[in-house]
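Each remark here refers to the structure printed beneath this line.
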Amino acid sequence: MANTVRLEIVTPAKSFYRGDVELVIARTLSGDEGYMAGHTWGCKLLDIGELWIREAGAEPNVYKLASVGGGFIDIKDTIIIYTDSIEWSKEIDVARAEEEQAKMEEWLRENEATAPDYLVARAKNQIKKSINRKAVAAGGRMNMKNN
Amino acid sequence: MAAESMQDIKRRIRSIGSTEHITNAMKLVSAGKLRKAKAIFERTNENSHYITNAIEELFTNGKDIPEQYLSSEDKFVDRTCYVIITSSKGLCGGFNSNVIKEAERQMMLLGGDSVIFAIGSKGKEYFEKRGYNIFNDYMAPPEEITPREAREIGEPIIDLYNKGEIGRIVMVSTEFVSTMEQRVRTKVLLPFDVEMNPEVGTSKFIEYEPSVEEVFNYLVPKYVEMMIYSAVVESATCEHAARRTAMENATDNAREILGELSLYYNRARQAAITDEIIEIVAGSEAQG
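From first to last, the protein sequence lines are chains A and B.
Quick note: the first sequence uses our numbering, first residue 38, plus one each step.
Quick note: the second sequence uses our numbering, first residue -17, plus one each step.
See below:
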């Protein structure tokens, strides 16, 4: 069995996940990265993307999959992921993601030219999040088993 | 005369009786709200401590922090933003005035210019009346604050700080010790005072991605938002606890007064009866 490292995932409102894991794969701003026990200390920003967790003692190639809406990861003797929004792939409401995306796209069509930059950026971000949530709900881009 | 004072006392008993009803009901309501607020507070407290501790740890690491977030003598702007967290409702004892007093003390102590971000209308009204510069406020009920709203509070403050319009961010709020005790707390959110914990600075190499600046530009606002968020939640808990205590005291006082009044009432009644008997006796003696 591989070495394990403690992973904590927190959002402002609650503690999302806490457990020992063998491998965490997260999408940083410069691409997907995997972290295992004994990783160099680091502090990295996360992009909107997929999060794969292989829990301690899990079967090879069996991961937990979640969608992350940006945040940061703090890698020390324990790994802490802080994010504003995170959902397990199984709990994603695809219809709602679809709906939100449509709503935001419509808003963009009407207001992109006139609205202030930060609102446009926020809307684009929302669309990106919705697309990501749909992708994660469908099993993600990596070809691994999601448990 | 006796009949009159009896009626007076009766009226007072009635009025204080209804006050007692109200304060007692408010006490029960606050107790319920306190329980709810405390549950939220305990949950967020655990979480936000994770985040703020992780960030504080990075900050105490010192050497990597971009200069703008550190206190330095040479480019200091003598203007402080005070985030003052009070309640929007009264009848909670010294809760609001304690925070306000402490905020005023800090302003005297630190000197310089001040701008105020008022959370809760009590603090806002107080400082507005006295001509302070209120730059923004947040008036919604504090126990329902969401992290997103905290971000909306935090963003403009950080913006001011980054533009160099303010040199310091100080938060005055109430700390929850127990349901019976709350304490006013002052915390300097920015800039960081790294020298406070020199021994924490480790020599371990830390990777920052995409770059140190970007990581901190993300983390520092996050930190301020989280601090504000958890302080508002904590303050809401304190408010209910303070109100509960205040209402309990009011109810106790009312009951005490009621006891006294009913004693006076009985005395007055007794006196009236005695008077009547004396009259009857005097009358029958005069006849006999």
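Even for Gly, the Cβ is constructed at its ideal location relative to N, Cα and C.
Helix, strand or coil: which one does DSSP assign to residue i?
i, result
"Asn40/A", "coil"
"Trp125/A", "strand"
"Gly241/B", "helix"
"Phe158/B", "strand"
"Val59/B", "coil"
"Asn80/B", "helix"
"Arg91/A", "strand"
"Asp234/B", "helix"
"Thr68/B", "coil"
"Tyr190/B", "strand"
"Asn98/A", "coil"
"Arg178/A", "coil"
"Asp95/B", "strand"
"Ala103/A", "strand"
"Thr77/A", "coil"
"Asp230/A", "Because chain A is modelled from 38 through 184, residue 230/A falls outside the range shown and cannot be assessed."
"Asp119/B", "strand"
"Tyr114/B", "coil"
"Leu52/B", "strand"
"Thr128/B", "coil"
"Ile272/B", "With chain B represented from -17 up to 270, any question about residue 272/B goes unanswered, as that position is not in the structure."
"Ile117/A", "strand"
"Ile260/B", "helix"
"Leu201/B", "helix"
"Glu2/B", "helix"
"Asp130/A", "coil"
"Met178/B", "Because the pLDDT at Met178/B is just 49, under 50, the model does not fix this residue reliably, and the value given afterwards should be weighed accordingly. Correct three-state label for Met178/B: helix."
Would residue i count as contacting chain A if we go by Cβ distances under 9 angstroms?
i, result
"Asn248/B", "no"
"Leu52/B", "no"
"Met178/B", "Any answer about Met178/B is weak, because its pLDDT of 49 lies below 50 and its placement is not dependable; what the coordinates show is given next. No, because no Cβ of chain A sits closer than 9 angstroms to the Cβ of Met178/B."
"Val154/B", "no"
"Lys145/B", "no"
"Arg(-4)/B", "no"
"Pro124/B", "no"
"Asn29/B", "yes"
"Pro192/B", "yes"
"Lys204/B", "yes"
Tell me whether the beta-carbon of residue i lies closer than 9 angstroms to the beta-carbon of residue j.
i, j, result
"Thr120/A", "Val58/A", "no"
"Leu201/B", "Leu40/B", "yes"
"Ser69/B", "Ser217/B", "yes"
"Arg61/B", "Gly136/B", "no"
"Ser52/A", "Glu191/B", "no"
"Glu124/A", "Ala103/A", "yes"
"Met121/B", "Lys111/B", "no"
"Leu44/A", "Val197/B", "no"
"Ile47/B", "Ile66/B", "no"
"Ile112/A", "Trp78/A", "yes"
"Tyr211/B", "Thr26/B", "yes"
For chain B, check one thing: does any of its Cβ atoms lie closer than 9 angstroms to the Cβ of residue i?
i, result
"Leu201/A", "Here chain A has residues from 38 to 184 only, and residue 201/A is not among them."
"Val47/A", "yes"
"Trp144/A", "no"
"Ser167/A", "no"
"Ser52/A", "yes"
"Ser67/A", "yes"
"Asp111/A", "yes"
"Trp78/A", "yes"
"Ile85/A", "no"
"Tyr72/A", "no"
"Tyr119/A", "yes"
Name, in chain order, the residues that DSSP records as bridge partners for residue i.
i, result
"Ser52/A", "Val47/A"
"Arg165/B", "Glu157/B"
"Leu82/A", "Phe109/A"
"Ala63/A", "Glu70/A and Leu88/A"
"Leu172/B", "Ile151/B"
"Val58/A", "Val42/A and Glu92/A"
"Leu142/B", "In DSSP, Leu142/B forms no bridge with anything."
"Ile135/B", "DSSP, once it has assigned bridges, lists no residue as partnering Ile135/B."
"Ile101/B", "Ile67/B and Tyr120/B"
Less than 8 angstroms between the CB atoms is what I'm expecting for residue i and residue j, so what's the real figure, rounded?
i, j, result
"Gln88/B", "Thr168/B", "6 angstroms"
"Ile85/A", "Lys166/A", "5 angstroms"
"Lys100/A", "Trp89/A", "Just to set this straight, residue 100/A is Tyr in the shown sequence, not Lys. Indeed, because the Cβ distance is near 4 angstroms, the residues count as touching under 8 angstroms."
"Glu125/B", "Ile22/B", "7 angstroms"
"Asn6/B", "Thr233/B", "5 angstroms"
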